[in-house]
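Number of protein chains: 2
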Amino acid sequence: MKAIVLREVGGPESLRYEEVETPKPQAGEVLVKLKYAALNRRDVFISKGMYPGMKLPSILGADGAGDIAAIGENVQDIQVGSEVVIDSGIGWGEDQRISNPNFYILGMPVDGTYAQYISVPAINIYPKPKHLTWEETASLPLAGVTAYRALVVRGQLQAGETVLIPGIGSGVALFVLQMAVAKGAKVFVTSSSEEKIERAKSMGAVGGVNYRLPDWSKQLRKLMGAADLVVDGVGGPGFNQLLNLTKEGGRIVSYGATNGAVPEFMLQWIFLKNIDLRGTKMGSPQQFAEMLDFMSQQKIRPVIDCSFPLEKAAEAQLYMDQGKNFGKITLEIPQ
Amino acid sequence: MKAIVLREVGGPESLRYEEVETPKPQAGEVLVKLKYAALNRRDVFISKGMYPGMKLPSILGADGAGDIAAIGENVQDIQVGSEVVIDSGIGWGEDQRISNPNFYILGMPVDGTYAQYISVPAINIYPKPKHLTWEETASLPLAGVTAYRALVVRGQLQAGETVLIPGIGSGVALFVLQMAVAKGAKVFVTSSSEEKIERAKSMGAVGGVNYRLPDWSKQLRKLMGAADLVVDGVGGPGFNQLLNLTKEGGRIVSYGATNGAVPEFMLQWIFLKNIDLRGTKMGSPQQFAEMLDFMSQQKIRPVIDCSFPLEKAAEAQLYMDQGKNFGKITLEIPQ
Numbered sequence: 000m001k002a003i004v005l006r007e008v009g010g011p012e013s014l015r016y017e018e019v020e021t022p023k024p025q026a027g028e029v030l031v032k033l034k035y036a037a038l039n040r041r042d043v044f045i046s047k048g049m050y051p052g053m054k055l056p057s058i059l060g061a062d063g064a065g066d067i068a069a070i071g072e073n074v075q076d077i078q079v080g081s082e083v084v085i086d087s088g089i090g091w092g093e094d095q096r097i098s099n100p101n102f103y104i105l106g107m108p109v110d111g112t113y114a115q116y117i118s119v120p121a122i123n124i125y126p127k128p129k130h131l132t133w134e135e136t137a138s139l140p141l142a143g144v145t146a147y148r149a150l151v152v153r154g155q156l157q158a159g160e161t162v163l164i165p166g167i168g169s170g171v172a173l174f175v176l177q178m179a180v181a182k183g184a185k186v187f188v189t190s191s192s193e194e195k196i197e198r199a200k201s202m203g204a205v206g207g208v209n210y211r212l213p214d215w216s217k218q219l220r221k222l223m224g225a226a227d228l229v230v231d232g233v234g235g236p237g238f239n240q241l242l243n244l245t246k247e248g249g250r251i252v253s254y255g256a257t258n259g260a261v262p263e264f265m266l267q268w269i270f271l272k273n274i275d276l277r278g279t280k281m282g283s284p285q286q287f288a289e290m291l292d293f294m295s296q297q298k299i300r301p302v303i304d305c306s307f308p309l310e311k312a313a314e315a316q317l318y319m320d321q322g323k324n325f326g327k328i329t330l331e332i333p334q
Numbered sequence: 000m001k002a003i004v005l006r007e008v009g010g011p012e013s014l015r016y017e018e019v020e021t022p023k024p025q026a027g028e029v030l031v032k033l034k035y036a037a038l039n040r041r042d043v044f045i046s047k048g049m050y051p052g053m054k055l056p057s058i059l060g061a062d063g064a065g066d067i068a069a070i071g072e073n074v075q076d077i078q079v080g081s082e083v084v085i086d087s088g089i090g091w092g093e094d095q096r097i098s099n100p101n102f103y104i105l106g107m108p109v110d111g112t113y114a115q116y117i118s119v120p121a122i123n124i125y126p127k128p129k130h131l132t133w134e135e136t137a138s139l140p141l142a143g144v145t146a147y148r149a150l151v152v153r154g155q156l157q158a159g160e161t162v163l164i165p166g167i168g169s170g171v172a173l174f175v176l177q178m179a180v181a182k183g184a185k186v187f188v189t190s191s192s193e194e195k196i197e198r199a200k201s202m203g204a205v206g207g208v209n210y211r212l213p214d215w216s217k218q219l220r221k222l223m224g225a226a227d228l229v230v231d232g233v234g235g236p237g238f239n240q241l242l243n244l245t246k247e248g249g250r251i252v253s254y255g256a257t258n259g260a261v262p263e264f265m266l267q268w269i270f271l272k273n274i275d276l277r278g279t280k281m282g283s284p285q286q287f288a289e290m291l292d293f294m295s296q297q298k299i300r301p302v303i304d305c306s307f308p309l310e311k312a313a314e315a316q317l318y319m320d321q322g323k324n325f326g327k328i329t330l331e332i333p334q
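Chains as they are written, first to last, in numbering that gives the first Met the number 0: chain A, 0 to 334; chain B, 0 to 334.
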């Protein structure tokens with residue numbers, strides 16, 4: 000089969016489109032013939048070697064959807080030809096709060112979805128949501144479960160609350176926006192791009208502010224008041240302003256820090272305002288299933304920025320690395 | 000009456016022992032003839048002008064206990080001569096999570112307990128715990144409710160859990176230690192003083208490490224493993240190590256930051272480890288009452304470091320400012 004293999008780190012340019020052996024489903028596994036894969040920032044970090052537990056060579060990619068092509072031993076209730084989406088997290092365990100120590104995500108350390116076929120545990124397979132295209136379905140797994148857990152499970156969003164989503168445009172941030180709007184929240188966003196703010200408003204956000212303005216935080220305060228809940232994947236120097244923009248007794252859920260550590264973190268505001276800062280990473284199988292149900296009930300369709308053919312995965316990663324995308328970037332798999 | 004008045008900021012040396020008018024209880028208030036007051040770090044910050052909403056002159060002091068000397072109009076079920084302790088927080092409101100915007104603490108903006116008499120709302124009066132001396136009773140209010148809320152309400156401590164208390168020796172930290180031991184936790188501490196660590200162990204701590212050692216965090220990891228719950232009032236540069244010392248899915252409750260903001264706060268550890276960082280400030284009347292019940296049930300006696308006569312309040316604050324105390328510093332009120 001054709002696949003994108005990372006043999007040594009060196010950024011997106013080091014990805015290779017190769018002919019490799021098609022995997023065979025082991026006991027408890029199914030073979031999925033993929034139709035689309037989707038990119039996550041994690042994939043780019045791995046290409047650069049900036050990810051814990053690097054183990055190469057590996058086919059990259061966590062997100063994918065397609066048809067069941069073959070079934071291993073001891074697998075029941077799944078038919079060849081079924082249309083499925085894959086939960087990218089393997090071996091989470093029973094605890095809904097945290098994953099087992101040996102939990103991992105597809106696409107390094109084990110082979111991922113930038114490929115024509117992937118063999119995965121049968122318990123990681125879920126029916127494709129009926130309201131979605133293949134491309135949209137492949138965009139769901141990692142960002143969808145991260146967003147759902149951040150907003151609903153860890154963030155405990157209630158209808159009518161004010162939610163702030165910094166850095167709108169990433170896959171997770173857009174899912175958070177769509178889910179929060181569906182749950183009846185008043186959503187505000189920040190971005191470095193006026194165009195992204197306008198697009199967020201067309202999707203139901205009440206308003207937004209360009210965080211490149213020197214007084215962005217003051218302007219946002221004026222526009223929004225204070226937030227009950229902030230769902231942040233940015234971190235970095237702007238993070239202290241999020242404490243400022245959160246209500247007393249409010250919650251900040253952190254699912255990432257693309258801008259890194261926080262210089263001079265104002266811990267004082269955490270206790271003076273009785274704020275909760277809650278970290279979240281990925282999600283459990285139960286949370287993945289709840290996310291799929293929620294997307295289907297609410298008929299939420301992932302926002303797709305653009306698609307590349309599988310062999311252009313390097314270009315796709317370079318494009319993601321520029322941060323100009325609004326929504327998911329997908330890879331079309333040759334059939 | 001005699002009282003300690005702060006007329007202008009300038010540190011503990013600017014406190015004055017003066018003859019002032021004895022207050023009269025207004026409607027809904029009672030007059031308490033104080034037997035002991037106790038110091039909190041807040042009082043020292045106020046002397047230095049390092050507290051929000053400075054309003055002078057003011058008699059300082061949040062903590063106090065004594066007898067009811069007079070009763071204002073519209074006060075029921077309280078008798079002159081009753082032995083009482085005062086909840087220092089005025090006007091919290093109904094929300095257990097946060098206080099009303101107009102909530103305040105005795106001892107600036109309104110007159111406090113460094114005095115022979117104080118007039119306070121009757122609803123802030125609670126019976127003196129029977130197992131305590133007057134001096135111990137006066138040591139309870141601010142530190143007791145802060146510790147109880149941090150450990151039990153916000154920290155949700157469960158029996159058998161491992162609890163880390165950085166900087167043992169302060170009033171709040173010692174209450175947290177006593178309450179955590181009473182609740183069946185395995186408690187570890189840090190301090191800059193071997194003697195304080197030994198005293199904490201004599202009070203039920205399993206062990207502790209001197210945070211002046213360059214590898215204190217490694218040593219503590221070896222001794223303790225990782226903590227389910229950290230209850231911290233220190234903040235500052237050592238705070239990142241607390242993230243390191245917390246279990247995946249664990250909680251850090253922050254009730255203060257005597258060492259200030261956190262340089263280069265590793266937000267990454269918050270989300271990678273699914274950690275909750277929960278801020279807490281003071282406590283509600285309900286939480287104050289629960290604290291008193293818990294102290295009585297468990298027969299916990301506050302640790303007193305030493306006592307000064309009221310007129311030596313400046314010396315008492317200077318001593319507190321050195322940070323060498325182990326337990327509360329009290330003021331004996333002339334009768």
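Note that the Cβ used here is the ideal one computed from N, Cα and C, for glycine as well.
- Taking the CA atoms as reference points, B:G183 sits about 13 Å from B:Q155.
- A residue is called buried when at least 16 other Cβ atoms come within 10 angstroms of its Cβ; A:G170 meets this threshold and is buried.
- Annotation: the continuous alpha helix (DSSP H) that includes A:E134 extends over W133 to A137.
- Taking a C-beta cut-off of 7 Å against chain B, the contacting residues of the stretch 235-267 of chain A are F238, E247, G248, S253, Y254, G255, A256, A260, V261, P262, E263, F264, M265, L266 and Q267, listed in chain order.
- Nearest in C-alpha terms to B:Q267, of all of A:D231, A:V19 and A:K327, is A:D231.
- The DSSP assignment places complete beta strand (DSSP E) segments of no fewer than 3 residues inside the stretch 249-301 of chain A at 275-278, in order along the chain.
- With three or more CB-CB distances shorter than 8 Å, the stretch 105-120 of chain B counts as touching the stretch 60-76 of chain B.
- The beta carbons of B:T329 and B:A149 sit no closer together than 8 Å.
- Residue state for A:R15 is assigned as strand, using DSSP reduced to three classes.
- Under the 8 Å criterion on CB atoms, B:R277 is classed as interfacial with respect to chain A.
- Under a criterion of Cβ atoms nearer than 7 Å, the residues of chain B adjacent to A:N273 are, in order, R96, I97, G278, T279 and K280.
- Runs of the beta strand (DSSP E) spanning 3 or more residues and lying entirely within the stretch 128-202 of chain B occur at 161-164 and 185-190, in chain order.
- Annotation: A:F187 has no Cβ neighbours in chain B at a cutoff of 7 Å; minimum Cβ distance is about 21 Å.
- B:I269 belongs to the set of residues whose beta carbon lies under 8 Å from a beta carbon in chain A.
- Counting C-beta pairs with one atom in each stretch, the stretch 185-198 of chain B and the stretch 208-226 of chain B have three or more that are closer than 8 Å, which means they touch.
- In this chain, the alpha helix (DSSP H) harbouring B:F238 covers F238 to N243.
- If you check the CB distance, B:A114 and B:A256 do not come in under 8 Å.
- In summary, B:V152 is buried, with 16 or more beta-carbon neighbours lying within 10 Å of its beta-carbon over all protein chains present.
- Contact between the stretch 68-83 of chain B and the stretch 23-43 of chain B is present: 3 or more CB-CB pairs across the two stretches fall below 8 Å.
- If only uninterrupted beta strand (DSSP E) runs of at least 3 residues are considered, those enclosed by the stretch 65-141 of chain A are 82-85, 116-120 and 124-126.
- About 5 Å separates the CB atoms of A:P11 and A:A313; that is less than 8 Å, so the two are in contact.
- Just measuring C-alpha positions, the residue of A:K327, A:Q316 and A:I196 sitting nearest A:L59 is A:Q316.
- With contacts defined as CB atoms closer than 8 Å, B:R277 and A:D275 qualify as a contacting pair.
- Relative to A:G159, the option among A:L173, A:L222, A:A179 and A:G166 whose CA is nearest is A:A179.
- As DSSP reads the structure, B:A225 sits in no beta bridge.
- Burial state of B:Q78 is exposed, judged by a 10 Å Cβ sphere holding fewer than 16 other Cβ atoms.
- By alpha-carbon distance to A:A68, the top candidate from A:I124, A:S46 and A:K246 is A:I124.
- As the crow flies, the alpha-carbon of B:K34 is around 8 Å from that of B:P333.
- Following the DSSP letters along the chain, one finds A:I45 inside the alpha helix (DSSP H) bounded by residues R40 to S46.
- Beyond the five residues adjoining it in sequence on each side, A:L176 comes within less than 8 Å, by CB distance, of I164, I167, V186, V188, A199, M202, G203 and A204 in the same chain, given in chain order.
- Taking a contact as a CB-CB distance under 8 Å, the pair B:P308 and B:S138 does not count as one, their CB atoms being some 16 Å apart.
- The DSSP-derived three-state label of A:E314 is helix.
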